[in-house]
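Quick note: the sequence shown uses our numbering, first residue 223, plus one each step. C-beta atoms are modelled at their ideal positions from N, C-alpha and C, and glycine is treated no differently. Just so you know, these numbers come straight off a predicted model, no measurement behind them. Written out below as structure tokens is the structure these notes cover.
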Amino acid sequence: MKKCSKKRKIKDIHLKTNKKLKTEEESSTDEDMTISLHDTSDEEYHITDDILSDDDYLYHMDYQLKEQKNVTNLRKISDTIKIEREKIEQSSHEDKKIHTLVKTQEK
Numbered sequence: 223m224k225k226c227s228k229k230r231k232i233k234d235i236h237l238k239t240n241k242k243l244k245t246e247e248e249s250s251t252d253e254d255m256t257i258s259l260h261d262t263s264d265e266e267y268h269i270t271d272d273i274l275s276d277d278d279y280l281y282h283m284d285y286q287l288k289e290q291k292n293v294t295n296l297r298k299i300s301d302t303i304k305i306e307r308e309k310i311e312q313s314s315h316e317d318k319k320i321h322t323l324v325k326t327q328e329k
């Protein structure tokens, strides 16, 4: 028996289900057709969900890790910005106090 790649198997499965759908479309009513479409899509989903090459899996995990790092970096930047804003607000508040004190002393 000849070995097939996982991608080839998936492609064959899609081709078979598409042929099956076409024959069912020609010989069934609309209600039957929607049921068969739903059934085959569930079947396809489970088959393609279970089959994932190592390279695809590693690529997916690498992508998720990068996204997680991006989110972490954005949070750090956001926290830094928040701290800087608080410092600015605090310094402006102190400046206002000083300005008010100077005005009262001038009077």
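Point to revise | DSSP-derived helix/strand/coil call for residue 275 | key: For the purposes of this step, residue 275 is taken as the residue at position 53 of the sequence shown. The answer is coil: DSSP assigns residue 275 none of H, G, I, E or B.
Point to revise | Rounded separation between residue 351 and residue 321 - CA only | key: The structure shown has nothing for residue 351, since the chain only spans 223 to 329.
Point to revise | Length of the line joining the Cα atoms of residue 319 and residue 327 | key: Within the sequence shown, residue 319 is the residue found at index 97, counting from 1. Within the sequence shown, residue 327 is the residue found at index 105, counting from 1. In this structure, the alpha-carbon of residue 319 lies about 12 Å from that of residue 327.
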